[in-house]
Structures are given as C-alpha cells and as structure tokens.
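Those sequence lines, one after another, are chains R and E.
Residues 106 to 218 in my numbering are what the first sequence lists, from first letter to last.
Residues 708 to 824 in my numbering are what the second sequence lists, from first letter to last.
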Amino acid sequence: KAGVTQTPRYLIKTRGQQVTLSCSPISGHRSVSWYQQTPGQGLQFLFEYFSETQRNKGNFPGRFSGRQFSNSRSEMNVSTLELGDSALYLCASSLGASWNEQFFGPGTRLTVL
Amino acid sequence: AQTVTQSQPEMSVQEAETVTLSCTYDTSESDYYLFWYKQPPSRQMILVIRQEAYKQQNATENRFSVNFQKAAKSFSLKISDSQLGDAAMYFCAYRSAGGTSGSRLTFGEGTQLTVNP
C-alpha cells in the first residue's frame with residue numbers, strides 16, 4: 106500500500122506570494138491533518154480534515170487555509186507569505202477515529218525569501 | 708489545553724547500551740493516547756510506540772518500551788541495545804480520545820538522540 110505523499114517536496118517563494126501544498130493520504134484514509142515544524146516553535150497542529158469537512162483547527166492566522174476533496178486528497182494554502190512561514194509542513198493521514206494510527210508524509214520544505 | 712514537555716533537548720548513548728528519554732504532559736482528561744515518534748534526518752516521522760491511558764500495562768515494541776505513570780503524568784521511552792539507526796529526533800505526543808479532538812496531536816519539543824559507536 107502506498108504511503109502518504111506530499112507535493113512538492115521543496116518550494117521557494119518570496120514574501121507576499123501565496124502557496125498551495127498538496128497531500129495524498131493512504132488509500133482508504135479519510136482524515137488528513139497538517140502540521141508546521143519550525144526550529145523555534147516545534148511541531149504545531151494546523152488543521153484536520155475528515156470527509157471533506159474541517160474537524161479541528163489550530164491557532165494559526167486566517168492566512169492558513171485548507172480543503173479536502175472527495176478522494177480525501179487535501180491541500181493547504183498560505184496567502185501573503187511571511188518570512189516566518191518558512192517551515193517543514195507535514196501532513197498525516199488516518200482512518201479517522203481517535204484510536205487509529207496516523208501515518209506521516211515526507212513533508213514539504215517551504216522557504217520564504 | 709494539553710501540553711507536552713520534553714526536558715532533555717539532547718541525549719547520547721553508546722551503541723548496545725540503554726537510554727531513557729523523558730516526557731511529561733499536562734491534561735485534565737482521563738482518556739487519551741500517548742506516542743513516541745522518531746524523526747531521522749530524512750524528516751519522515753515514524754511511530755515508535757503508543758500507549759492507551761486506560762491500560763495499566765506498559766507498552767513494548769521490541770527494543771522499545773515505555774514507563775507510563777498516569778498519576779504523575781509521565782511517559783518515558785526506554786531504548787535497549789541501542790543501534791546506530793536509532794539516532795534521530797524523538798518526539799513525545801499526546802492525543803485526546805474525546806470525540807471532538809479527532810486526530811490532533813500535541814507534540815513535545817523533541818529530544819535529539821545521538822548513538823556513539
């Protein structure tokens with residue numbers, strides 16, 4: 106069974122631009138969660154989508170948004186990029202229940218110049 | 708809100724020796740899950756071991772075992788017979804078992820483990 110895939114793996118943007126990251130979960134998984142990892146703030150939860158609905162949201166500004174499609178693939182969008190948005194963005198998929206294991210993708214490394 | 712604290716930013720161990728990584732957490736919930744994840748230089752997060760809060764028995768996975776002290780809100784990871792491949796950043800994580808929390812994980816700051824040959 107194929108694992109969680111994230112595209113692109115690396116991205117360089119400039120301040121003020123917007124970016125869209127994609128996450129394809131493991132087949133059959135309906136939950137996709139997104140995390141931001143930075144040296145200063147560590148791993149922080151962004152949001153979770155389950156069956157095309159946002160089920161949970163972390164404490165991030167409205168510039169961070171996401172969505173999930175009917176095939177469970179998810180995208181996250183960051184508008185008006187700031188230098189502080191430079192980070193590794195990880196997504197994780199699971200079947201959706203709290204006891205189900207989450208499987209992480211390899212991440213997208215975003216650099217904002 | 709739940710918090711997870713790892714007080715050891717860095718640890719080192721000799722190959723074949725045993726090392727214990729510490730984790731404490733704070734929660735008012737009675738039902739939850741605790742995890743240890745490993746993140747090697749490739750940045751791929753890998754689940755090492757999980758513990759259900761309602762289980763008194765400590766979880767074990769081959770060379771990895773935990774010491775779960777619910778009353779003390781402590782969840783340490785013991786790695787026995789350490790191998791060079793164990794070198795990585797280790798994260799302790801918490802997940803509520805409540806229906807509204809979904810799959811949300813709260814992570815600690817991480818412990819960088821070095822294995823010396």
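The beta carbon of each residue, even a glycine, is placed where N, CA and C say it ideally should be.
Values in this document were obtained by computation on a predicted structure and should not be read as measured data.
query	result
Selection from E:781, E:743 and E:753 that minimises the alpha carbon distance to residue 734 of chain E	E:781
Beta-bridge partners of residue 781 of chain E, as assigned by DSSP	E:731 and E:776
Residue 762 of chain E burial status per 10 Å Cβ neighbour count (16 or more: buried)	exposed
Top-ranked residue by Cα proximity to residue 109 of chain R, from R:143, R:139 and R:121	R:139
Inter-stretch contact at 8 angstroms, needing at least 3 Cβ pairs: the stretch 209–216 of chain R / the stretch 748–756 of chain E	yes
Beta-bridge partners of residue 761 of chain E, as assigned by DSSP	Looking at the DSSP assignment, residue 761 of chain E forms no beta bridge with any residue, so it has no partner.
Interfacial residues, the stretch 745–766 of chain E to chain R, with Cβ spacing under 8 angstroms	749, 750, 751, 752, 753, 754, 757 and 759
Cβ-based neighbour list, residue 802 of chain E, same chain, cut-off 6 angstroms, excluding 5 preceding and 5 following	740 and 812
Separation of residue 133 of chain R from residue 776 of chain E, as counted between CA atoms	35 angstroms
Contact set for residue 725 of chain E: own chain, Cβ-Cβ below 6 angstroms, skip 5 residues either direction	787
3-residue-minimum beta strand (DSSP E) runs that sit fully inside the stretch 782–806 of chain E, ordered along the chain	795–803
Meets three-Cβ-pair contact criterion under 8 angstroms: the stretch 180–194 of chain R and the stretch 119–138 of chain R	yes
Residue 157 of chain R, buried or exposed, once every other Cβ within 10 Å from all chains shown has been counted against 16	exposed
Chain-ordered neighbours of residue 150 of chain R on chain E, where CB pairs are closer than 8 angstroms	811, 812 and 813
Proximal chain E residues relative to residue 171 of chain R, where beta-carbon distance stays under 8 angstroms	Per Cβ cutoff of 8 angstroms: no residues; residue 171 of chain R is ~14 angstroms from chain E at best.
Own chain partners of residue 818 of chain E with C-beta closer than 6 angstroms, once the 5 adjacent residues on each side are dropped	713, 715, 718, 728 and 797
Cβ neighbour criterion (16 or more within 10 Å) applied to residue 130 of chain R	buried
Contact check, residue 169 of chain R vs residue 161 of chain R, beta carbons under 8 angstroms	no
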